[in-house]
Every structure is written in structure tokens, then in C-alpha cells.
Amino acid sequence: MKVSRRTFLKISGATAAGVAAGSLGFDLSPIKAHAATLRKDLKAAKESTTICCYCAVGCGALVHSMNGKVINIEGDPDHPINEGTLCSKGAALIQLSANNPKRLQKPMYRAPYATQWREVSWDWTLDEIAKRIKKSRDASFVTKNAKGQVVNRTDGIASVGSAALDNEECYIYQKFLRSLGLVYVEHQARI
Amino acid sequence: MTNHWTDLQNADVIFIMGSNAAENHPISFRWVNKAMEKGAKLLNVDPRFTKTSSKSHMYAPIRSGTDIAFLGGMINHIIQNRLYNETYMRLYTNATFLVDEGFKTAGELDGVFSGYDADKRKYDKTTWAFQRDGKGIIKKDSTMEDPHCVFQLLKKQYSRYTPDLVSQITGTPKDKMVKIWESYATTGATGKAGTIMYAMGWTQHTVGVQNIRTMAIIQLMLGNMGVAGGGVNALRGESNVQGSTDHCLLAHILPGYLKTPRASQPTLKAYNEKWTPKTGDAKSANWWGNYPKYSVSLLKAFFGDKATAENDFGYGWLPKAEDDISQYYWLMLFDEMYKGKFSGFFAWGQNPACSGANAQKNRVAMAKLDWMVNVNIFPSETSEFWQGPGMRPSNIKTEVFRLPCAVSFEKEGSITNSGRWMQWRYKGGDSPGEALPDGEIINELYHRVRKLYEKDGGVFPEPILNLWWDYGDDKVDVHRVAKEINGYFLEDVTVKGKTYSKDTLVPSFAFLQADGSTCSGNWLYCNSYTEKGNMAARRSTKDAVNGIGLFPGWAWAWPVNRRIIYNRASVDANGQPWDKEHWVIKWQDGKWVGDVPDGGWPPLSDDAKTRYAFIMKPEGHAHIFGPGLADGPFSEHYEPYECPIEKNLMSGQKMNPAVKILSPDTNTPLDVAFSCDPRFPIVGTTYRMVEHWQTGLMTRHCSWLVEAQPQQWVEMSTELAALKGIRNGDRCLVRSARGEVNAVAIVTERFKPFNIAGQIIHQIGLPWCYGWLTPPNGGDSSNLLTPSIGDANTMIPETKAFMVDVVRKEV
Numbered sequence: 000m001k002v003s004r005r006t007f008l009k010i011s012g013a014t015a016a017g018v019a020a021g022s023l024g025f026d027l028s029p030i031k032a033h034a035a036t037l038r039k040d041l042k043a044a045k046e047s048t049t050i051c052c053y054c055a056v057g058c059g060a061l062v063h064s065m066n067g068k069v070i071n072i073e074g075d076p077d078h079p080i081n082e083g084t085l086c087s088k089g090a091a092l093i094q095l096s097a098n099n100p101k102r103l104q105k106p107m108y109r110a111p112y113a114t115q116w117r118e119v120s121w122d123w124t125l126d127e128i129a130k131r132i133k134k135s136r137d138a139s140f141v142t143k144n145a146k147g148q149v150v151n152r153t154d155g156i157a158s159v160g161s162a163a164l165d166n167e168e169c170y171i172y173q174k175f176l177r178s179l180g181l182v183y184v185e186h187q188a189r190i
Numbered sequence: 000m001t002n003h004w005t006d007l008q009n010a011d012v013i014f015i016m017g018s019n020a021a022e023n024h025p026i027s028f029r030w031v032n033k034a035m036e037k038g039a040k041l042l043n044v045d046p047r048f049t050k051t052s053s054k055s056h057m058y059a060p061i062r063s064g065t066d067i068a069f070l071g072g073m074i075n076h077i078i079q080n081r082l083y084n085e086t087y088m089r090l091y092t093n094a095t096f097l098v099d100e101g102f103k104t105a106g107e108l109d110g111v112f113s114g115y116d117a118d119k120r121k122y123d124k125t126t127w128a129f130q131r132d133g134k135g136i137i138k139k140d141s142t143m144e145d146p147h148c149v150f151q152l153l154k155k156q157y158s159r160y161t162p163d164l165v166s167q168i169t170g171t172p173k174d175k176m177v178k179i180w181e182s183y184a185t186t187g188a189t190g191k192a193g194t195i196m197y198a199m200g201w202t203q204h205t206v207g208v209q210n211i212r213t214m215a216i217i218q219l220m221l222g223n224m225g226v227a228g229g230g231v232n233a234l235r236g237e238s239n240v241q242g243s244t245d246h247c248l249l250a251h252i253l254p255g256y257l258k259t260p261r262a263s264q265p266t267l268k269a270y271n272e273k274w275t276p277k278t279g280d281a282k283s284a285n286w287w288g289n290y291p292k293y294s295v296s297l298l299k300a301f302f303g304d305k306a307t308a309e310n311d312f313g314y315g316w317l318p319k320a321e322d323d324i325s326q327y328y329w330l331m332l333f334d335e336m337y338k339g340k341f342s343g344f345f346a347w348g349q350n351p352a353c354s355g356a357n358a359q360k361n362r363v364a365m366a367k368l369d370w371m372v373n374v375n376i377f378p379s380e381t382s383e384f385w386q387g388p389g390m391r392p393s394n395i396k397t398e399v400f401r402l403p404c405a406v407s408f409e410k411e412g413s414i415t416n417s418g419r420w421m422q423w424r425y426k427g428g429d430s431p432g433e434a435l436p437d438g439e440i441i442n443e444l445y446h447r448v449r450k451l452y453e454k455d456g457g458v459f460p461e462p463i464l465n466l467w468w469d470y471g472d473d474k475v476d477v478h479r480v481a482k483e484i485n486g487y488f489l490e491d492v493t494v495k496g497k498t499y500s501k502d503t504l505v506p507s508f509a510f511l512q513a514d515g516s517t518c519s520g521n522w523l524y525c526n527s528y529t530e531k532g533n534m535a536a537r538r539s540t541k542d543a544v545n546g547i548g549l550f551p552g553w554a555w556a557w558p559v560n561r562r563i564i565y566n567r568a569s570v571d572a573n574g575q576p577w578d579k580e581h582w583v584i585k586w587q588d589g590k591w592v593g594d595v596p597d598g599g600w601p602p603l604s605d606d607a608k609t610r611y612a613f614i615m616k617p618e619g620h621a622h623i624f625g626p627g628l629a630d631g632p633f634s635e636h637y638e639p640y641e642c643p644i645e646k647n648l649m650s651g652q653k654m655n656p657a658v659k660i661l662s663p664d665t666n667t668p669l670d671v672a673f674s675c676d677p678r679f680p681i682v683g684t685t686y687r688m689v690e691h692w693q694t695g696l697m698t699r700h701c702s703w704l705v706e707a708q709p710q711q712w713v714e715m716s717t718e719l720a721a722l723k724g725i726r727n728g729d730r731c732l733v734r735s736a737r738g739e740v741n742a743v744a745i746v747t748e749r750f751k752p753f754n755i756a757g758q759i760i761h762q763i764g765l766p767w768c769y770g771w772l773t774p775p776n777g778g779d780s781s782n783l784l785t786p787s788i789g790d791a792n793t794m795i796p797e798t799k800a801f802m803v804d805v806v807r808k809e810v
């Protein structure tokens, strides 16, 4: 439907938003209802602070959850860098939560030559990976290099990742990898 | 960043080049805007007119890969017009230092510096050394007129970078170029500050490091280092890439930027000697002279009580890399994977099937593995590589373990932003299904691998069995990890008359010891979690006494909560700020006030007690002449590896002479590249957009973001579109020597053809956030086009300048 700019401004300025928006061709009442419920829930929700997981500006965000379910994420007005604002990615953080059905939920295993994933247990997965780490390490461990220098390293396993890990996770991950003797250790900083 | 985000408001001139900050670090513009409200000018140089350009006072276009020509021209302009801050240069840089008389600039040797071995593609740096007197102190010429002093060599090196030649090379209109130089050079005036915001537009080139070096030289010439609103500011790409770099998930470094041990350093003594710089100058703090305190403290953090003076603190348990460390870097890692070197591979929170240059090579390489462990929050082109385009699962033996993990707000811990702020964050919601925090998965794997070695023995189990892993009986207590990173006193230690008890947290790295009495997982982070508490969790919005947006009580910054580093250069010899209004530190009543000073020593005027400003350099002076790099102590313009013109207009050396070249002869059939090939006549580049992030692994699973930006596109000029018969919205194929992507055409005025010495060169660009997995028909990764070649120092791939063609896709 054709609406002139002046008419649009008149309509969208109207107070009865649900009715007014109807003349634009869409109904805002379900959104109004959602906003009203959210306002009520936020008062009862648990509020915690986080830092956005996207770029490295490090904007602050507030996470509201009820019984472990995230119901809202918005900018943290107290954060000195973003002062409550977020870009479109930060504004969509809630879509990364457990509310998104695409989130990986269970360990999966793909066997050699298989065309499908198979759901497996954590216990099995972690044991199988540990076995393979040991097997690859023992098979590819180099005690002395071609020059006869002692090197004690594992040339047959490589790792990339991750700038998405917390500092504490990065630290223990590199500690783990180096205890295994890995030298092929890289991540996003190199690209 | 040497400075930080909220500091941007203090700049008089903001230069954004090699970055589209308005698009990709959007909230940074809150502070750019504040600076502009106060009268600051915004200058922008980019191959394309971007959102950043649209906010700029001045914009100039530039052909991708010619940044050194532009910046070298700025250096020449600053010198010829005497716009440099001579006082600052004398006090704080090595401009007065005398260099070996045998040193020759690239202008004298047709594009290479003295000492080049063309067969090895390497420099012998003997002539890059400074002249020293009998006591080993570097000789200086305070007049800066000696032909062998750094300043005169700088002048000689960039004298060829005339406005005419630079304009021919870059395709930048001369008048626009000179106006930008003039505007930026105004920050050379005492009390004025200019800042540079850059990102991957500078790093992703075969001359990446030298791009940044050239700007660092400019900042030193203009007196912009260490001051509010100044600095060299890298806008990093991921939320914790700063932290992951600081904790050194990289082949060449250990936490705190210590070096990974090499085969030629069989003992701790040899290792420490190799990496601990010495200085003969008593006024140089030579802070890296403390290296052994940090390396021993790290070894104690790794091996605890098992690390003793008798066993070299466990040094023998760390793996030793070969001396040529770059053979382990990303591009070579995937090269080796392709050749079948690895039986196992972790792709932990990363998507190399889309993020790596020459992505097809990475995808094929993964099929050579015996097993891969992939940990992420969503499926990706990496976890699903075996069922990707062109893959036959029945031919692929790779076992894949796809592990579900927690997203950022489902766990507690810290991340470090680009401004070095370590910020603590909390668990806000539960993970879906059985997803676990990455830390828990790592913890489980370590314990299970350890059990296997305890039970079954195996090859060299010592480093695994002797590892100090004390983070909790069941789950990982991240606070314990954070405290270990900070460090503890392992026995009662007395420092400057005060005794610190065993098992208490070390207050800062100034207290770390080389005798095994302290541990610290990362000396740079020592001071972040102390007896006063978790510094990263602080939330005070009170500014410091100097009111320049430091926020010293918000979170914690390394090192030791210093918010602007090199701040000893923000004052004159008497410790008084160059800029009275935006002062960082000042010497008052016998001490420094303001930001945490870069060392508490008195100002330079106190000859007996002072230290030079740039404490991380052995000579205490910032490097205008920088002999530490692989490809030159100054920068020199070279063309990208895949290049549109026959000759480099600057010299006879077409490409960076120190870059490792991968080719089908020496590496894999997929390492093809073509320059001046009529099949690929257009310069291609890649970039990001606000709605998507990196490979899109996360954002492509967010419907709101996909709705805004649903599919792969290629941006081109109206002129090129007309030549190719392409209209806005047409389906196109973009091809390079390595691959092809399907993209929707965006025909725009934002790109314009470049006139390069009379030759018309077109450039196009694509975002790199798409992948075949999702959304359906969204397009595949632009990294299928990019070349497997990287910078001479870091080997970061040259994904910002390569050669392509674009054609309309016939229906």
C-alpha cells in the first residue's frame, strides 16, 4: 500500500500503536503483549553481566534468565565503553542461547567412511579421544631431531583454536597441549 | 592497542586505514564521534567508500596492497616539510642512533636492503646493526645530520616516495592524498594527538607487518606514542583474540610472549640466555632483562613442586621446536596436513574450512586425518567437512568427534578486549542439552589422557604426569585458574624488606623471581588477581584524576592496570605533559600521578635515577630503524604476490623478497597463483559487515541477522559492471586460480576503477562470512578464492589483495 512520508510519520506517531500500525499493514499487538510480559518477567528474572562474544570492543551486556532460560539480553548501561548500546550482532545475542534449536546439544561421532553422525555419550567420547591422543602421540613422538638434538615433541597432532575461549580456558588448553608435546599450535591470531 | 577504546575521544585527528571501524567495530564510533564533536578530524583511506568513509572529513581511495607507498609518501612529506616533532624524536626514538656504515637503503640497491641473499630469500642483518663505542653503548649524533644516523637513513629511504610516484602506484588522486598527509601531520605539533585505527586491511598482506611499522614510524615522528588520543591501535577481530594471543595459543610463544623453546636451546640456561636481551646503558630499564623471572615462574606454574632447580625447573619436559619456527605456522600447518603429516587434529572453536586462505586446500587436507575433534556451539563447514561440496564420505576415513560447548554467557570467566581490558563475565543461562563449558572438556581430556599414561605407560609420559593441574576435584574452578595465571609465592619471599607469605598471591610481576620461589602462568597478567581480589571483576565508572576516560577502576588492563602504554613519552624531560589538557601522567611532588606510569623512575631530567621511556627495548628508545624484522629495518613498497601490474613502479623487486613462497612445485597442487594473467585481471579483496561475524559460523545461525544479510555478494563499480554486462542483483561467478564462488552483484559508486600509471585496474570485494552449510543457497566461503601466501614475519595470509575475474552467471 502506498503511504506518503508525512502520512507514515502521522500514523507511527499515534499512541494506539496496535491500531495505528494496522493501517500500515501489520499488527503490533502480539509484540506489545510480549513486551508487557517481558517487562513483568524482567523484574523477577536473574540478572547477570557479560561481555559480548563478537568483536574485540568488549561491550557489556545484561543477561536476564529465569530458571536457567535466557529471556532477554540487552546492553549494559553501566559499561563505560558502550553505555547500554550494542550493534546488530550484540542486539541478537539471545539467538545464540539455548533457545536456538540449532545449538549443538549432544556429542556426536562420525565413523570412518560414514555418511551420518551417531549420537554418543560424553563418557565414551572423552575416553575415545583420550585413547587416540595417546596413540597418535606415542606413534609420532620425536625424541631427537635429524641433527641429534633432544626435542621431545609430538609432530603428529595439530591444534587450531580459539579466540572464542575465555582466558582461563586458553591458558589451560595451551598447558594441556604443551604437556602433550605439541608444537603445531595455532589459532585466529595467525589469520 | 597501545591505547584503548574510550581514549579515542581524546584525539585531534583520527586516521582509519586498513579498517572499516564503523562497520566492524561499531561501538568504537561512539568514541570517534565524541572526538569529532570536540572538533577532531576523521581521515579515511580505503579501496572502497565504506560506512567509515561516509563519516570522514576526508576520504581517499587506494588500490589494495599499496599502503606502504601511501604511508611512505606521508613520511617523505613530513620530512620534506619539517612537520616532525624533533624534540620528541630526539628524546624518545632511535632517530639519533648511528647505523653500521655498510647499511644500504632499498633505494640504493633497487628494492632490497643490504645483506640480501636471493637464493635463501633471507637477509644477513650484519649491516643492520648500530655502531657502538668501546663500552658497547650505541653511538649517537644529536644533530641528526650524520649520513649514517637513523634520521638521515629514514630520509634517504623514503625520498623516492614522491607524491607523483605514490599516486601512480596507489591510484589515489594526488590532491586528496596530499590533503590527508597534511591534515594528519598537524598532529606533529606539541600537545596535538593523532591516532591510527587499523585492522586486517593492514595485516593480511605479504607486507602486513611493514604496513604497521610504517605507521608506527609516522607516530614516532609526530610524537603520538604514549599520549592520550594517540598510539598505534589494532582493532582486533574476536572477543578474546587478545587474551588468546596473550596466553599464546601460537607456535612461537608461551604465555606472556615468552618464546617457545627451540632445539638449539637444550637447557634452561641456554634458553634464557638466548632470549634475555642485555644493555650496556644504565639508563635503559631493558624490561625484558627480567625474562628468566618470567620463564622460571611459568615453568613452576606448569610443573609445580616437580619443577626444581636440579631439573632445570622441568624445562626438559617442554617440546622443542625447530629453529625455523615459521614451519609450524597456520599456512604450513595445513600444508603438512594436506601431505598427511597429522593423524589427529583439534579444531577447537574455529572454522578453518572457511577461515583459512585457500579454503579448499584446508578442506581436502582434513580428509587426510585419522581423527578430528571439533568443539563448537553450532555445526560448521569444518565439523561437516566430510559431507561438503565435492566430498565423497565413502572415500573419507577421518573420524570426527563433534562436541557441544557452552556459549560465552553460559559460563564464568574473563576475556580481554583489544584495549587490553581483562573483563570478568558471569554465567547468565544454562547450556542446551549436554553442552559443556570448554574448560570442563579440556579438564576431562587431560585427566583421561593422564590416567592412560599412568595405567599403560607410553612414550615420554613425564610432562603429562608431572603437570601441575590443580583446578578442582570435579569441575574446573575458574578462579583457581585465574589465580594461577596471576601467580603465587611458593615460599616466604622477602622483597625490598617486606616478606610475602607462602601461598599468597603475587602483587605484580615486579615481585616474580627466577629462583623457583614464585609461580605465574602469565607474567603480563600478574596483578590481575591479587590478595585485594579479582581485579578483572571491578565495575567502577569513576574516571581518574586526569579525566581522559581511563576508568582505572573498571576491570583490569595489562600490564599492571596501565591504560595507555609508553606513557613516559607523554611528558617532557621534566615530567610535564606535552598536552596540559589531556595529560596522561605528570611528575608532581616527587611522584607520578595519573595513569600507572611506565615505571616509577623519575623523569629524564633526573639523570641519576631516570630510565628511558620505551622500557621494552634494550636501548630504551623506540625503533624508527627496526632491525628486528625479516624484511627490512624500514618498510619498502612491494606489490602483492598476485598482482595486476607487470612491474613494481618503486623498484626492480616486485614482491616482498623475504616471503616464503608456496607453489605446486614445492607444496601442493592447490598452491597455485597467477599475476598479470588475463584470466584474472581484477583485484579482489575481502571484508566484513556488521550483521555477520568472521566465517558466520555463529551469525548464520541467527535468523534476525540472516534476514538482514542472507547471502554471498560481490561488490563492484558501475564501470566494471557495464564492461561485464552485469546489473545490480545479477547472479555472478567470482573466480581465482584456486576456486570459484557464486555471489549476487552489488553494483555501486563505492568502488571506482584505479588509474595505475595509465593502466585502468578494477577492484571488487566480497564479504567472507558465508559458508555452504547454511543458509541454503547462501553461497560458499570467499576464502575459496584467496592465496596461500603470507607475511614475511607472521605469515598471516594475504587475503586482502589477490587476482580474480567476475562474470555474470548464465542461467
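Protein chains in written order, with numbering that gives the first Met the number 0: chain A, 0 to 190; chain B, 0 to 810.
A virtual CB, placed ideally from N, CA and C, is assigned to each residue, including glycine.
Does the region 472-490 of chain B come into contact with the region 324-338 of chain B, if we say contact requires no fewer than three beta-carbon pairs (one atom in each stretch) closer than 8 Å? No, the region 472-490 of chain B is not in contact with the region 324-338 of chain B.
What ranges does the alpha helix (DSSP H) occupy inside the region 443-488 of chain B, keeping only unbroken runs of at least 4 residues that lie completely in it? Counting whole runs of 4 or more residues, the region 443-488 of chain B contains the alpha helix (DSSP H) stretches 461-464 and 477-485.
Alpha carbon to alpha carbon, how far is Phe679 of chain B from Val803 of chain B? Give it in angstroms, no decimals. About 4 Å.
Can you tell me the Cα-Cα spacing of Asp811 of chain B and Gln156 of chain B, whole angstroms? For residue 811 of chain B there is no data in the structure shown, the boundaries of chain B being 0 and 810.
Kindly list, in the order they appear in chain D, the residues whose Cβ is closer than 8 Å to that of Pro79 of chain A. Structure shown: chain D not included; protein chains present are A and B.
Alpha helix (DSSP H) containing Ile179 of chain B: first to last residue? Boundaries of the alpha helix (DSSP H) around Ile179 of chain B: Lys173 to Ala184.
Can you give the Cα-Cα distance for Glu530 of chain B and Tyr524 of chain B, rounded to whole angstroms? Within the model, the alpha-carbon separation for Glu530 of chain B versus Tyr524 of chain B is close to 14 Å.
Euclidean distance between Cα positions of Ile414 of chain B and Asn9 of chain B: Answer to the nearest angstrom: the Cα atoms are 25 Å apart.
Expected contact under 8 Å - CB spacing of Ala556 of chain B and Arg562 of chain B to nearest Å: At roughly 5 Å, the Cβ-Cβ gap stays under 8 Å, so Ala556 of chain B and Arg562 of chain B are in contact.
Below 8 Å between beta carbons is the criterion; list the residues of the region 137-159 of chain A that meet it against any residue of chain B, in chain order. Residues Asp137, Ala138, Ser139, Phe140, Thr142, Asn144, Lys146, Gln148, Val149, Val150, Asn151, Arg152, Thr153, Asp154, Gly155, Ile156, Ala157, Ser158 and Val159.
Which two residues bound the contiguous alpha helix (DSSP H) that contains Gly200 of chain B? Looking at the DSSP string, the run of the alpha helix (DSSP H) that includes Gly200 of chain B is Met199 to Thr202.
Provide the residue(s) that pair with His63 of chain A in DSSP beta bridges, ordered along the chain. Paired residues: A:Glu46 and A:Asn71.
By Cβ distance, which residues of its chain are closer than 8 Å to Leu234 of chain B, with the 5 residues on each side in sequence left out? In chain order, Met0, Ser18, Ala20, Asn23, His24, Ser27, Met196, Tyr197, Ala198 and Ser417 place their CB closer than 8 Å to the CB of Leu234 of chain B, counting only its own chain and leaving out the 5 sequence neighbours on each side.
Check whether chain A comes within 7 Å of Gly701 of chain B, counting only Cβ atoms and requiring the distance to be less than that. One point to set straight first is that residue 701 of chain B is Cys, not Gly, in the sequence displayed. A Cβ of chain A is located within less than 7 Å of the beta carbon of Cys701 of chain B.
Neighbouring residues, chain A, relative to Thr698 of chain B (Cβ below 7 Å): In chain order: Lys88.
What is the DSSP secondary structure of Trp329 of chain B, reduced to helix, strand or coil? If DSSP states are grouped into helix, strand and coil, Trp329 of chain B belongs with the helices.
Whether Ile759 of chain B touches Ala744 of chain B by CB criterion (7 Å): Cβ atoms of Ile759 of chain B and Ala744 of chain B: not closer than 7 Å.
Rounded separation between Gln710 of chain B and His56 of chain B - CA only: One C-alpha to the other measures close to 32 Å.
State the DSSP-derived secondary structure class of Tyr528 of chain B, mapped to helix, strand or coil. It is a strand residue.
Short CB-CB distance (under 7 Å) between His33 of chain A and chain B: With 7 Å as the cut-off, His33 of chain A does not count as an interface residue toward chain B.
Relative to the C-alpha of Gly190 of chain B, which residue among B:His204, B:Gln209 and B:Leu221 is closest? Ranking the options by Cα distance to Gly190 of chain B, first place goes to B:Leu221.
For the 8 Å Cβ check, are there 3 or more pairs between the region 125-144 of chain A and the region 453-472 of chain B? Segments in contact, yes.
Compute the beta-carbon to beta-carbon distance between Gly59 of chain A and His78 of chain A, rounded to the nearest angstrom, for a pair I have assumed lies under 8 Å. Their Cβ separation, rounded to whole angstroms, is 3 Å, which keeps Gly59 of chain A and His78 of chain A in contact under 8 Å.
Per-residue DSSP class, three states only, for Val206 of chain B: Correct three-state label for Val206 of chain B: coil.
Roughly how many whole angstroms lie between the Cα atoms of Thr192 of chain A and Gln115 of chain A? The structure shown does not extend to residue 192 of chain A, since chain A spans only 0 to 190, so no value can be given for it.
If you drop the 5 nearest sequence neighbours on each side, which residues of the same chain put their C-beta closer than 8 Å to that of Leu41 of chain A? Annotation for Leu41 of chain A: His63, Ile70 and Asn71 place their beta carbon closer than 8 Å to its own, counting only its chain and skipping 5 residues before and after.
Report the three-state DSSP secondary structure of Phe750 of chain B (helix, strand or coil). Three-state DSSP puts Phe750 of chain B in coil, outside helix and strand.
Opposing strand residues paired with Ala157 of chain A [DSSP bridges]: For Ala157 of chain A, which the question treats as bridged, DSSP gives the partners B:Phe344.
Taking the Cβ atom as the reference point for each residue, do Pro260 of chain B and Asn151 of chain A lie within a distance shorter than 7 Å? No, they are not a contact pair.
Hey, which unbroken runs of the beta strand (DSSP E) at 3 residues or more fall wholly within the region 4-47 of chain B? The region 4-47 of chain B contains these whole beta strand (DSSP E) runs: 12-16 and 40-44.
Quick one: give me the first and last residue of the alpha helix (DSSP H) that Arg81 of chain B is part of. Membership of Arg81 of chain B in any alpha helix (DSSP H) is not indicated, and neither H nor E is assigned to it by DSSP.
Return the residues of the region 114-130 of chain A that lie within a Cβ-Cβ distance of less than 8 Å from chain B, sorted by chain order. From the region 114-130 of chain A, only Thr114, Trp116, Trp121, Thr124, Leu125, Asp126, Glu127, Ile128, Ala129 and Lys130 have a Cβ closer than 8 Å to chain B.
Outcome for Glu237 of chain B when other beta-carbon atoms lying within 10 angstroms are tallied against a minimum of 16: Residue environment analysis places Glu237 of chain B among the buried positions, since at least 16 neighbouring C-beta atoms fall within 10 angstroms of its C-beta.
Cβ distance (whole Å) where Tyr871 of chain B is taken to contact Arg109 of chain A below 8 Å: Nothing about residue 871 of chain B can be reported from this structure: the residues present for chain B run from 0 to 810 only.
Positions along the region 282-312 of chain B whose CB lies within less than 7 Å of some CB in chain A: Taking 7 Å as the cut-off between beta carbons, the residues of the region 282-312 of chain B near chain A are Phe301, in sequence order.
Are the region 595-607 of chain B and the region 750-765 of chain B touching by the rule of at least three beta carbon pairs closer than 8 Å? With the cut-off at 8 Å, the region 595-607 of chain B and the region 750-765 of chain B do not touch.
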